[in-house]
Structure formats: structure tokens, C-alpha cells
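For the record, the sequence lines run as chains A and B.
Heads up, the first sequence is in the numbering used here, so the first residue is 1 and it goes up one at a time.
Heads up, the second sequence is in the numbering used here, so the first residue is 231 and it goes up one at a time.
Ideal Cβ positions, reconstructed from N, Cα and C, are used throughout, including at glycine.
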Amino acid sequence: MRIPILILQVAILAASVTVVMCQVWNFPFPSPIAHPFLSPKERWPEDQIKGWVESGVFEPAFVQFFQRDPERTIPPGNNLVAPADGVIKGIVETPEKKYYIVGLSFWDVHVVRTPVEGVVTSVYEEGEVVFRDKSETEGLAFLKEKASPVQKTVTIQTDVGQEYKVRLITSWWASRLKVSARVGQRLNKGDRIGRILLGSSVVIDAPTTDAFSTKVGERVVAGETVICQK
Amino acid sequence: MSKVSPAKYIWTDGRFAWPFVVTVAYFAAAVFLFDLAWRVMKLPIDELLIAASVVFAVSFAGLLLAFRMFSRGSKRGGSSS
Numbered sequence: 001m002r003i004p005i006l007i008l009q010v011a012i013l014a015a016s017v018t019v020v021m022c023q024v025w026n027f028p029f030p031s032p033i034a035h036p037f038l039s040p041k042e043r044w045p046e047d048q049i050k051g052w053v054e055s056g057v058f059e060p061a062f063v064q065f066f067q068r069d070p071e072r073t074i075p076p077g078n079n080l081v082a083p084a085d086g087v088i089k090g091i092v093e094t095p096e097k098k099y100y101i102v103g104l105s106f107w108d109v110h111v112v113r114t115p116v117e118g119v120v121t122s123v124y125e126e127g128e129v130v131f132r133d134k135s136e137t138e139g140l141a142f143l144k145e146k147a148s149p150v151q152k153t154v155t156i157q158t159d160v161g162q163e164y165k166v167r168l169i170t171s172w173w174a175s176r177l178k179v180s181a182r183v184g185q186r187l188n189k190g191d192r193i194g195r196i197l198l199g200s201s202v203v204i205d206a207p208t209t210d211a212f213s214t215k216v217g218e219r220v221v222a223g224e225t226v227i228c229q230k
Numbered sequence: 231m232s233k234v235s236p237a238k239y240i241w242t243d244g245r246f247a248w249p250f251v252v253t254v255a256y257f258a259a260a261v262f263l264f265d266l267a268w269r270v271m272k273l274p275i276d277e278l279l280i281a282a283s284v285v286f287a288v289s290f291a292g293l294l295l296a297f298r299m300f301s302r303g304s305k306r307g308g309s310s311s
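#1: Step through the CB atoms of chain A and report whether any lies within less than 8 Å of the CB of V251 of chain B.
#2: Classify D265 of chain B as helix, strand or coil using the three-state DSSP reduction.
#3: Return the bridge partner residues of N79 of chain A from the DSSP annotation.
#4: Starting from the Cα of P95 of chain A, find the closest Cα among A:Q229, A:G217, A:E218, A:D210 and give me that residue.
#5: Which runs of the beta strand (DSSP E), 3 residues or longer, sit entirely within the region 34-64 of chain A?
#6: Determine the burial state of P249 of chain B: buried for a count of at least 16 other Cβ atoms within 10 Å of its Cβ, exposed for fewer.
#7: Grouping DSSP H, G and I as helix and E and B as strand, with all else coil, what is T170 of chain A?
#8: Within the same chain, show all residues whose beta-carbon is closer than 8 Å to that of D159 of chain A, passing over the 5 residues directly before and after it, in chain order.
#9: Whole angstroms are fine: how far does the CA of I91 of chain A sit from the CA of K215 of chain A?
#10: What number of angstroms, rounded off, separates the C-alpha of F29 of chain A from the C-alpha of A260 of chain B?
#11: Let me check understanding here. Comparing Cα to Cα, which of A:S39, A:Q162, A:V19 lies closest to D108 of chain A?
#12: Comparing the C-beta of F37 of chain A with each C-beta of chain B, is any distance below 8 Å?
#13: With C-beta atoms as the reference, is R72 of chain A less than 8 Å away from E224 of chain A?
#14: By Cβ distance below 6 Å, which residues in the same chain neighbour L294 of chain B in space, the five residues on each side in sequence not counted?
#15: DSSP on E125 of chain A, reduced to helix/strand/coil?
#16: Using a Cβ-Cβ cut-off of 8 Å, state whether E42 of chain A counts as contacting chain B.
#17: Helix, strand or coil: how does DSSP classify L104 of chain A here?
#18: Does the beta carbon of G303 of chain B come closer than 8 Å to any beta carbon on chain A?
#19: How would you list, in chain order, the residues of chain A whose beta-carbon sits under 7 Å from the beta-carbon of V254 of chain B?
#20: Just the chain B side, please: which residues come within less than 7 Å of P32 of chain A by C-beta, in chain order?
#21: With which residues is L187 of chain A paired in a DSSP beta bridge?
#22: Determine the closest residue to D208 of chain B out of A:L6, A:A14, A:V19, with distance taken between C-alpha atoms.
#23: Please list the terminal residues of the continuous beta strand (DSSP E) segment that includes I204 of chain A.
#24: Please decide whether F262 of chain B counts as near chain A, where near means a Cβ-Cβ distance under 8 Å.
#25: What did DSSP end up calling S309 of chain B once you bin it into helix, strand or coil?
Here's what the structure looks like:
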């Protein structure tokens, strides 16, 4: 009887020491043992993710979480849907265009969807030169407060001849974008067009006639939130 | 009055003493729960420390009381722990 009790006691002591060691080892970030009890934002704090980006080594559980791609219920009707999950950072109007800017956080789904139905007429890449000084990007409405002109632009022509551009913009230190839409491809509203592989913003270049119904600071869901009634 | 060796509180009769095992597990759980509370509750650290100290003091007193009762029960029953 003594040996089974001793084994049980050793197991309890080993588990206790493991819990404490995990706490100490991971401090100030949460121990993996605490992960199931925390929300994604608490589970992987921003500073920890930034550290991973700089080192290039990510926790597998975070990578799995980051790569999630949930299905969405696309609302019917003649309207525009949000291109990405995130918070509306700005709606900027110029004489030629309206820019609708959605900021993504590390914990948002990073799959980008088309806001309208139409045909892809071009997929344009920029970002050969990575500016690290904000002053170099001043004056660009879609890059306000962001020295990150690494972007891919998908141009979509609707059936009524209107042109929308969806810009996938990433931070200079992430610099990873993947566009799945191809020129000539017909897209239904809310279809996936690409993925941002960390950070940052998605911008719609829309005609000036579009009146957006959402406000700056609101949270939107890609493919589900109606942002403009046509 | 019989003297008890301090080692008896850790190791007795070819196994660990249960109060020692329970106390180590209790402290590990306390550290884990305090860390979890700090991350989830978003309380200022001073308020959290006061609340945690009260909970710790009450639960630790309860644990000591349980050890005492267990020890008396064992002595009456004739077994040693």
C-alpha cells in the first residue's frame, strides 16, 4: 500500500512544481497551463506576439489560432460588406475616391473578403521598398499613421461598371501578404480574396457616391457586416 | 512531552507526509490562481493583492485547521501520518 501512495504523492508534487516552473518560465506572459482559461487577447499579449515577429519563431498554438478561417453568412441585398474583421480606423473622402480603412489586430481573423460582387480586373503589388519613416508616407490617406506601404491591391469591377479596390496592407516588420484572387476571376460578395499574414489594414477605394453606414471606431466582421447600402 | 523531528513533517513511514504534499499543492494552486486572477480581473495590483491576501489567509487558516483535525482523528484512531 505504501508504494502506490508514494507514487501518488510524487505525482502531486511533480505536478505542483511543474505548474510553478511554467509560471516562472513564461512570466510576464501567461503559462500555457492557464491558456484554456484566458481569452485570445489575454492568452497571447501584444508584446509577446511582437517578440515572436522579431525572432521569427511563433508558438504553434498561436499560429493555429491565427490561421483560422471561419465560414461567414453573407447578407443578401444590394450592399457592400466589410472586407476584413477589425475596427474602422477611418473613412476618408477625397475628390476622386472614398477610402474605407479597417484596422486588424493580431487576434482578428486575417482572411480578407471582397466587399462587392464582380470580376477581378487587376491584382497590383507594391512594397518593393519598405519605408520605415512615417514622414515618407504622409499624405496617403490609406496609410495614415502607418509607415507600411507593403500592399497588394485587388481591383474589382461590378456588373454596373463601378470599380472598387481592396488594398491589403501590412506592417513593415510583417511584410507578408497572400492574394488568392486572380485576374478575370468572378467573385461573389463576401468571397475570400486573400490573407494578411500579420497586421495590419485593409482599405476599400470606393466611388465617392457610396455612403458608408458604419462609423469610425466600430467593429466589423468580414463578409457579414453591411457597411453601405447601394 | 515527545520531540518530533522536523524531517517527520516531510517524510514519514517510507513516504511523504500528507500535510507536506497538500501544502506544496496548495501553494502551487495559489500561485496559479493569483496569476490567473491578475490577468482576467484587470484589478489594480494593490486591490488585487489585498483581496488575494484575505483569501489566502482564510484558506490557509482553514488548511491548518484541517491538518489539526486530521491529526487528532489519526491519533484517536491509532494510526500515524
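In brief:
#1: Yes, contact with chain A.
#2: Helix at D265 of chain B.
#3: Answer by DSSP bridge pairing, in chain order: A:Q229.
#4: With distances taken between Cα atoms, P95 of chain A lies closest to A:D210.
#5: None, since the region 34-64 of chain A contains no complete beta strand (DSSP E) of that length.
#6: That one is buried.
#7: For T170 of chain A, the secondary structure class from DSSP, reduced to helix, strand or coil, is strand.
#8: The residues are E117, G118.
#9: When only Cα atoms are considered, K215 of chain A and I91 of chain A end up about 8 Å apart.
#10: Taking the straight line joining both Cα atoms gives about 17 Å.
#11: For D108 of chain A, the nearest C-alpha among the options comes from A:S39.
#12: Answer yes: the Cβ-Cβ gap between F37 of chain A and chain B drops below 8 Å somewhere.
#13: Yes, Cβ-Cβ distance for R72 of chain A and E224 of chain A is below 8 Å.
#14: Correct list: empty, nothing qualifies.
#15: DSSP places E125 of chain A in strand when its eight states are reduced to three.
#16: Taking CB atoms only, E42 of chain A has a neighbour in chain B less than 8 Å away.
#17: In the displayed model, L104 of chain A falls within coil according to three-state DSSP, outside both helix and strand.
#18: Answer no: the Cβ-Cβ gap between G303 of chain B and chain A never drops below 8 Å.
#19: The contacting residues are L13, S16.
#20: What P32 of chain A touches in chain B, judged by beta-carbon distance under 7 Å, is nothing: the nearest beta carbon there is about 12 Å away.
#21: Answer is A:G118.
#22: Chain B is shown from 231 up to 311; residue 208 of chain B falls before or after that span and cannot be answered.
#23: Counting along the chain, I204 of chain A sits inside the beta strand (DSSP E) bounded by residues 201-206.
#24: Taking Cβ atoms only, chain A reaches closer than 8 Å to F262 of chain B, which makes this a yes.
#25: Only weak support is given to the placement of S309 of chain B: the predicted model assigns it a pLDDT of 46, under 50, and the value that follows is read from those uncertain coordinates. S309 of chain B falls in the coil class under three-state DSSP.
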